[in-house]
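Asks: Using this note's numbering, the first residue of the sequence shown is number 53, and each one after it goes up by one. Quick one: the structure is below, and I'll ask about it shortly.
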Amino acid sequence: MWPFALSLLLFSLQHVAGTFLVLSSSRTTMEESGLYTAQEIARELQASTSLLLGLRSLSSFITLVLAVVLAVQGYAWLMNRQELDFYESQPVSRRSHFFSVWVNNLLIYLISYLSTMLLAHLVAAGLGARTEMSGTVFAESMVQALRSLLLFMGLQAVTMLAVMLTGNIVISLLAAAVLMLYEFFFRLLVEGLREEFYRTFVTPDILEFMPVFSPLRWYLEGTGKAADLMQEAGYLGDAFSEPGILGRAISLILPCEAANLLLTAGLMAAVYFCYHIRKSESAGSAVIFRPVRGIVRIAIAVLLALFTGSVLYNINSQVKSYGTAAAIIGIIIMAVIMACIMQIIYEFNFKALFRHPWEIALAAILGVLIFCLFRFDLTGYDRRVPSPSSVESCSLSISDWFNQYYDEKGQNLNPEEYIREHMVLTDTESVIALAEAGIEELQLDPDGRNPDPWMQIQFRMKNGKMVQRTFPVPAGSPEILDRVLSSEEYLRGQYPLCGEDYFAGHKKSLTYLYDTGWVQMESSEDLYDEFRDAYRKDLARYSYSLAHEEFSIGTFTLEQRNQTGYVRASQNYEIYPSYEATISFLKTHDLWAEPTPPEGAVSLITLWDNEAWEKAEGNPPESDIRISDPDRIQAILEASVPGPVRSAWHTADQYDRRYDVTVHISQDYLESFRKEHPSVRTFTEDGGETARRFLAGKVPAFLD
Numbered sequence: 053m054w055p056f057a058l059s060l061l062l063f064s065l066q067h068v069a070g071t072f073l074v075l076s077s078s079r080t081t082m083e084e085s086g087l088y089t090a091q092e093i094a095r096e097l098q099a100s101t102s103l104l105l106g107l108r109s110l111s112s113f114i115t116l117v118l119a120v121v122l123a124v125q126g127y128a129w130l131m132n133r134q135e136l137d138f139y140e141s142q143p144v145s146r147r148s149h150f151f152s153v154w155v156n157n158l159l160i161y162l163i164s165y166l167s168t169m170l171l172a173h174l175v176a177a178g179l180g181a182r183t184e185m186s187g188t189v190f191a192e193s194m195v196q197a198l199r200s201l202l203l204f205m206g207l208q209a210v211t212m213l214a215v216m217l218t219g220n221i222v223i224s225l226l227a228a229a230v231l232m233l234y235e236f237f238f239r240l241l242v243e244g245l246r247e248e249f250y251r252t253f254v255t256p257d258i259l260e261f262m263p264v265f266s267p268l269r270w271y272l273e274g275t276g277k278a279a280d281l282m283q284e285a286g287y288l289g290d291a292f293s294e295p296g297i298l299g300r301a302i303s304l305i306l307p308c309e310a311a312n313l314l315l316t317a318g319l320m321a322a323v324y325f326c327y328h329i330r331k332s333e334s335a336g337s338a339v340i341f342r343p344v345r346g347i348v349r350i351a352i353a354v355l356l357a358l359f360t361g362s363v364l365y366n367i368n369s370q371v372k373s374y375g376t377a378a379a380i381i382g383i384i385i386m387a388v389i390m391a392c393i394m395q396i397i398y399e400f401n402f403k404a405l406f407r408h409p410w411e412i413a414l415a416a417i418l419g420v421l422i423f424c425l426f427r428f429d430l431t432g433y434d435r436r437v438p439s440p441s442s443v444e445s446c447s448l449s450i451s452d453w454f455n456q457y458y459d460e461k462g463q464n465l466n467p468e469e470y471i472r473e474h475m476v477l478t479d480t481e482s483v484i485a486l487a488e489a490g491i492e493e494l495q496l497d498p499d500g501r502n503p504d505p506w507m508q509i510q511f512r513m514k515n516g517k518m519v520q521r522t523f524p525v526p527a528g529s530p531e532i533l534d535r536v537l538s539s540e541e542y543l544r545g546q547y548p549l550c551g552e553d554y555f556a557g558h559k560k561s562l563t564y565l566y567d568t569g570w571v572q573m574e575s576s577e578d579l580y581d582e583f584r585d586a587y588r589k590d591l592a593r594y595s596y597s598l599a600h601e602e603f604s605i606g607t608f609t610l611e612q613r614n615q616t617g618y619v620r621a622s623q624n625y626e627i628y629p630s631y632e633a634t635i636s637f638l639k640t641h642d643l644w645a646e647p648t649p650p651e652g653a654v655s656l657i658t659l660w661d662n663e664a665w666e667k668a669e670g671n672p673p674e675s676d677i678r679i680s681d682p683d684r685i686q687a688i689l690e691a692s693v694p695g696p697v698r699s700a701w702h703t704a705d706q707y708d709r710r711y712d713v714t715v716h717i718s719q720d721y722l723e724s725f726r727k728e729h730p731s732v733r734t735f736t737e738d739g740g741e742t743a744r745r746f747l748a749g750k751v752p753a754f755l756d
């Protein structure tokens, strides 16, 4: 009876007590605030009920605990010879006894889950969670009950397999942990090795780390899809207020549950096979089947050896040859140690540590081989790209591209995510040629010292998969870059105003800023359509060569603010000297300012000498270099470009990195400039300081 009591207790705490505490607290808070009507309170309470009992329920941990406890307790008789003799003396077949325990565990879980869930709904209704959504939320909780049962069946099957492979309860628990966690940690370790040694590797989504042969993975993936659907539908903390949304959620999670059910069926087949061939005299031993002992021994030793090697390599990675040697030595030592420990556990005998030496040797060899496979890129990962015939389309983003992107609801998106969804480059041959040029660039810089930006390319394969790789921008192949970057497909994905732009639907409430680095001009007029038309006209001449050879003279920003002035959303567009239509637009609306402060506007320039600081060796320069002579100020301005305004396609050799330049605008000039231009936004609080950068080879001689 105690397993049923434990199950009932755990679900009572989660379902009944959890629902009561959350809903009563929420209701008290809303009533005391006086900001909610009775109908709104009921709806919020119903939403909380959905969160606690529905598809986003956090019952997976309790399910895991019960699956392990019930499976081990239900089949513990297999590990005790006296109990085993007793059960086998009964007029009940082994097959019937096996399935009776399995069904009994399912009933314990299901009865305790459903009874406490129904009681929780009564508690919620008693606290006021009664709306038109009640039926949908109840249906949602029933779907969740079925999902939880499938998860329990899968996790119980994993634990049962561990029990059938072992003859000791403690070893069974350890084996269950290994079966549930080994694939995850091995995948995580492999992804870490790929990220460490493959320079073109892009860290994948967390689902890539999740084990395929784990019921928990498919359950969590389904839960994530349900949560994402609610966010997309606008119900961030709300319930599935429409049956249609619940239906869509079920259709999304159904493949995950089907995979879980298929996995469970396979596991149960393996469980019953092991149960059928298991001998009675194996009770009390560690691992029953000899082949399984060797496989598990090698697998555990390889995993921990690789982990040790990775840690040692990272500690000593400043000298790669030394780090590699340390990693290989560490792998061999740890593989030997773990293989010996596993053998001691198997036989409960310390003297058995060196038995089956070929397994010890194989574990060490496999560990070293897997490490070298990644360390020396023996598969050629960094030297190959997908073939054009296998790629349907591509997208491309740049590492130094700093901008904000939004979906149709105004939710901020990661730039790579936005570009991946909106950029469809069908000229796959040009993109692949660009990737191949990036590989050539990579081989010219084996130590990874090149500070130039990198590009990330997403290959949409014809088989439905997505392959992501990152490469250095091949500045030596401008013709290929021009072909890709000047295409309409690239511009539509890179610049939102060329496609479906969130700001187009809010253009009457936008604020427009033009920033030259030393001054910002502002307007609250409705300028969106006019700016969009002018900028699109200028984008017709956009190319890599333009963005690389020209230096941006300013940034035009679209801002959406709330009533308090807080910037809710913003989007930047760089302005180049050849963008005649956009410059004309700025001048027409008194938003134009010269990129370089005019003569007489600068009162002082200070320079920080990075080279002198590095050479000082503990005796840094006492102060910055201060320039106040008008002629020298003008020479510095002519030899530099605005620091805050930069292009992602510039390379390190275009700038001089010795000096950090700070320009101080005269306070008198600022006041006079404000009077002439009503659209001027306030300057920086410290009186108009701005940064600039010297162009390579343009540093004035008087600074040498």
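We put the CB at the ideal spot given by N, CA and C, even for glycine. No experiment lies behind these values; they were computed from the predicted model shown.
Around the C-beta of W644, are 16 or more other C-beta atoms found within 10 angstroms, so that it is buried, or is it exposed?
Replies: buried
Asks: Between the beta-carbon of S100 and the beta-carbon of L75, is there less than 8 Å?
Replies: yes
Asks: Buried or exposed: V619, going by 16 or more other Cβ atoms within 10 Å of its Cβ?
Replies: In the assembly as shown, V619 is an exposed residue. Its beta-carbon has fewer than 16 other beta-carbons within 10 Å.
Asks: Once DSSP output is grouped into helix, strand and coil, what is the label at N502?
Replies: When secondary structure is reduced to three states using DSSP, N502 falls in the coil class, being assigned neither helix nor strand.
Asks: Does DSSP classify I340 as helix, strand or coil?
Replies: coil
Asks: Label Y374 either buried or exposed according to how many other C-beta atoms from any shown protein chain fall within 10 Å of its C-beta, with 16 as the threshold for buried.
Replies: exposed
Asks: Within the continuous beta strand (DSSP E) that includes G606, where are the two ends?
Replies: G606 to R613
Asks: Below 8 Å on the Cβ atoms is my contact criterion, and I expect M390 with I352 to pass it. Report the Cβ-Cβ distance as a whole number of Å.
Replies: About 6 Å separates the two Cβ atoms, so the contact holds.
Asks: Can you tell me whether DSSP reads R744 as helix, strand or coil?
Replies: strand
Asks: For S692, does the three-state DSSP call read helix, strand or coil?
Replies: Strand, per DSSP.
Asks: Going by CA-CA distance only, name the one from I163, S622, D585 and A664 that's closest to Y631.
Replies: D585
Asks: Does the beta-carbon of S59 have 16 or more other beta-carbons within 10 angstroms, so that it is buried, or is it exposed?
Replies: buried
Asks: Taking one C-beta from the segment 592 to 610 and one from the segment 533 to 544 each time, how about it: are there three or more such pairs within less than 8 Å?
Replies: Touching, yes, given that three or more Cβ pairs across the two stretches are closer than 8 Å.
Asks: In the segment 549 to 630, which residue ranges form an unbroken beta strand (DSSP E) of at least 3 residues, counting only runs that do not cross its ends?
Replies: 562 to 567, 572 to 575, 606 to 613 and 619 to 627
Asks: Using the rule of at least 16 other Cβ atoms within 10 Å of the residue's Cβ for burial, across every protein chain shown, is V155 buried or exposed?
Replies: exposed
Asks: Does the beta-carbon distance from Y398 to R345 come in below 8 Å?
Replies: yes
Asks: Drop a sphere of 10 angstroms on the beta-carbon of M205, count the other beta-carbons inside from all chains shown, and report buried for 16 or more, exposed for fewer.
Replies: With 16 or more Cβ atoms within 10 Å of its Cβ, M205 is classed as buried.
Asks: Alpha carbon to alpha carbon, how far is N157 from A123? Give it in angstroms, no decimals.
Replies: 8 Å
Asks: Going by DSSP, which residues form a beta bridge with M205?
Replies: BP columns for M205 are empty, so no partner.
Asks: Does R472 get closer than 8 Å to chain E when you measure Cβ to Cβ?
Replies: Absent here is chain E; the protein component of the structure consists of one chain.
Asks: CA-CA distance, S77 and V222?
Replies: 42 Å
Asks: So, at 6 Å on beta carbons, what are the nonlocal neighbours of F236 in its own chain, with the 5 sequence-adjacent residues on each side left out?
Replies: P263
Asks: For the putative contact between Y161 and L198, defined by C-beta atoms under 8 Å, what is the C-beta separation to the nearest angstrom?
Replies: Y161 to L198, Cβ: 12 Å. No contact.
Asks: Express the C-alpha separation of A489 and L288 in angstroms, rounding to a whole number.
Replies: Note that L288 has pLDDT 45, beneath the 50 cutoff, so the model's placement of it is unreliable and the number below is only indicative. L288 and A489: Cα-Cα distance of roughly 44 Å.
Asks: Name the residue from L356, E723, I393 and K639 whose alpha carbon lies nearest to the alpha carbon of G382.
Replies: L356
Asks: Would R427 pass as a contact of T376 if the rule is Cβ separation under 8 Å?
Replies: yes
Asks: Counting only runs that start and end within the segment 166 to 219, where is the alpha helix (DSSP H) found for 4 or more residues in a row?
Replies: 186 to 217
Asks: State the Cα-Cα distance for the pair W410 and T211, rounded to the nearest angstrom.
Replies: For W410 and T211, the distance between alpha carbons rounds to 30 Å.
Asks: How is L107 classed by DSSP in three states: helix, strand or coil?
Replies: Per DSSP, reduced to three states, the secondary structure at L107 is coil, with no helix or strand assignment.
Asks: Taking Cβ to Cβ, would you say S200 is nearer than 8 Å to S266?
Replies: no
Asks: Any idea if M518 is buried or exposed, counting beta-carbon neighbours within 10 angstroms, 16 or more meaning buried?
Replies: In this structure M518 is exposed. Its beta-carbon is surrounded by fewer than 16 other beta-carbon atoms within 10 angstroms.
Asks: Along the chain, where does the alpha helix (DSSP H) that runs through T522 open and close?
Replies: It is not in any alpha helix (DSSP H) - T522 instead sits in the beta strand (DSSP E) that spans M518 to P524.
Asks: Output the distance between the C-alpha atoms of W129 and A227, rounded to the nearest integer angstrom.
Replies: Approximately 17 Å, taken between the alpha carbons.
Asks: Short check: CB of M513 to CB of S575, under 8 Å?
Replies: no
Asks: Do you know how far the Cα of K461 is from the Cα of H474?
Replies: 16 Å
Asks: So what's Y127 in DSSP terms, helix, strand or just coil?
Replies: DSSP, reduced to helix, strand and coil, places Y127 outside both helices and strands of the structure shown, so it counts as coil.
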